[in-house]
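Position one of the sequence shown corresponds to residue 0 (numbering that gives the first Met the number 0), numbered consecutively onward. What follows is a set of notes on a single structure, which appears directly below.
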Amino acid sequence: MSHVNQGLWYRQYGTPQEVLQLEKHDLTELAPGQIRVKMLCAPINASDLVPITGAYRHRVPALSVAGYEGVGIVCETSDNSSLLNKRVLPLRNEGTWQEYVTCDATLAIPVPSDIDHSLASRAYINPVATWLMLKHFNPHDKHVIVTAAGSDSALLLMQWAKWLGAGSVTGIVRAPYQEALLSSMGIHSIHESEVDLLKNCAQQSEVVYDAVGGQLAETLLSALPPESSFVSYGLLSGQPFKQHFTLAKTHWFHVRNYLPDMSIEQWQAMFQGIWPLLKQSVLSKPEEIPLQHWKEAIDLYYQRSRQCKPVLVL
């Protein structure tokens with residue numbers, strides 16, 4: 000095994016393409032209970048890029064390897080671990096946009112043999128958020144609205160809500176190809192510019208999962224009935240929202256608020272529930288890009304009309 004590790008570091012906040020640097024560092028010895036994972040691939044998500052800009056500077060230091068999820072093969076352990084040579088998700092430790100990740104063995108998630116590398120690499124950020132949102136804001140027998148319906152998180156929310164028995168699911172879209180995709184999945188769609196249709200739909204809805212914020216959130220909130228729940232889990236518009244003349248219950252959802260209270264057993268069991276759902280879910284197709292071409296991968300992520308998921312091959 001190589002004793003040199005290569006990864007994407009940022010040492011100051013700013014535009015990811017400008018502040019990220021591909022650096023090489025010597026590997027350190029493993030501490031008791033740790034494993035070392037030779038990474039295979041890692042996707043690019045909004046949650047990976049936003050901290051680099053400094054948006055969460057109060058809790059994310061500007062001296063970090065980027066990336067929160069990915070998959071790799073355990074190449075070294077500090078003891079006789081049964082995980083050696085197995086595929087795992089090395090989560091909640093070091094950044095994943097590097098060739099080798101050091102991870103607490105109890106937090107590493109074993110990957111089933113019938114899940115391919117690319118899908119496995121995307122099994123944390125969006126699936127865990129979806130799992131927890133649907134658990135805490137149950138869609139069963141309810142009329143559901145999901146905004147930013149072309150995103151992977153929204154695609155999972157819509158499909159899993161249907162499987163959990165939602166009365167109806169409506170996706171709010173911004174591009175024609177998204178309408179066609181949702182139609183092929185049996186999901187009704189409304190373009191975000193159709194304000195009257197949005198309000199009519201909201202008047203009959205009981206749960207909204209929103210990742211946009213801004214004017215769209217305010218439009219929906221203005222029409223939701225008092226007994227409904229508005230779950231905000233992102234601000235893709237970059238704009239906050241206010242509640243004007245509405246009694247709907249607003250909830251701010253962040254995965255990080257749920258993990259500290261989760262035992263290791265609960266953490267591992269959650270993925271046992273996620274794997275079979277993820278395997279049958281429709282997601283955007285991966286576009287694999289070598290780590291050395293990371294700028295191209297990030298540029299692709301920011302393309303407005305993007306229909307694929309950039310995945311770094313490590």
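Every residue gets a Cβ at the ideal spot worked out from N, C-alpha and C, and that includes glycine. Please read all numbers here as calculations on a predicted model, not as lab measurements.
Check	Outcome
With a CB to CB cut of under 8 Å and the five nearest residues on each side skipped, what residues in its chain are close to Pro109?	Leu82, Lys85, Arg86 and Val87
In angstroms, rounded to a whole number, what distance separates the CA positions of Glu28 and Ile34?	10 Å
Identify every run of the alpha helix (DSSP H) within the segment 174-250, keeping only runs that are complete inside it and at least 4 residues long; order them along the chain.	175-183, 194-202 and 213-222
Less than 8 Å between the CB atoms is what I'm expecting for Val145 and Ser167, so what's the real figure, rounded?	Contact flag wrong, Cβ pair sits at about 11 Å.
Helix or strand or just coil, what does DSSP make of His253?	coil
Going by DSSP, name the residue or residues bridged to Thr63.	Checking the sequence shown, residue 63 turns out to be Ser, not Thr. DSSP output for Ser63 lists Tyr9 as bridge partner(s).
Using only the alpha-carbon positions, how far apart do Asn256 and Gly69 sit?	21 Å
Can you name, in chain order, every residue of its own chain whose Cβ lies under 6 Å from the Cβ of Ile186, other than the five neighbours on each side?	Met157, Val168 and Gly170
Could you check where the alpha helix (DSSP H) with Lys161 kicks off and where it finishes?	Asp151 to Trp162
If you follow the beta strand (DSSP E) that Gln20 is part of, which residue opens it and which one closes it?	Leu19 to Asp25
I'd like to know if the segment 271-279 and the segment 240-254 are in contact, where contact means that at least 3 CB-CB pairs between them fall below 8 Å.	no
Nearest-angstrom Cα distance between Lys198 and Ser188?	13 Å
So, with DSSP's three-state summary, where would you put Tyr99?	strand
For the beta strand (DSSP E) holding Ala41, just list the boundary residues, first then last.	Gln33 to Pro42
Given Ser285, which residues of its chain have a CB within under 7 Å of its CB, disregarding the five upstream and five downstream residues?	One point to set straight first is that residue 285 is Pro, not Ser, in the sequence displayed. Excluding residues within five positions, the ones whose Cβ falls inside 7 Å are Ser117, Cys307, Lys308 and Val310.
So Gly66 and Ala45 are supposed to be a Cβ contact under 8 Å. How far apart are they, rounded?	Actually they do not touch by this definition, with Cβ atoms about 12 Å apart.
Run through DSSP, which three-state label would Pro111 get?	coil
Where does the unbroken alpha helix (DSSP H) through Val281 begin, and where does it stop?	Segment: none, Val281 is in no alpha helix (DSSP H) and carries neither H nor E.
Tell me the rounded alpha-carbon separation between Lys23 and Gln5.	4 Å
If I follow the unbroken alpha helix (DSSP H) through Pro309, where does it start and stop?	Segment Cys307 to Val312 is the beta strand (DSSP E) holding Pro309; no alpha helix (DSSP H) there.
Apply the 10 Å Cβ neighbour rule to Lys141 and answer buried if 16 or more other Cβ atoms are within range, or exposed otherwise.	buried
Indicate the three-state DSSP secondary structure (helix, strand or coil) for His142 in the structure shown.	strand
Under the three-state reduction of DSSP, which class applies to Ser262: helix, strand or coil?	coil
Taking DSSP's pairing of strands, which residues face Ser120 in a bridge?	Bridge partners of Ser120: none, in fact.
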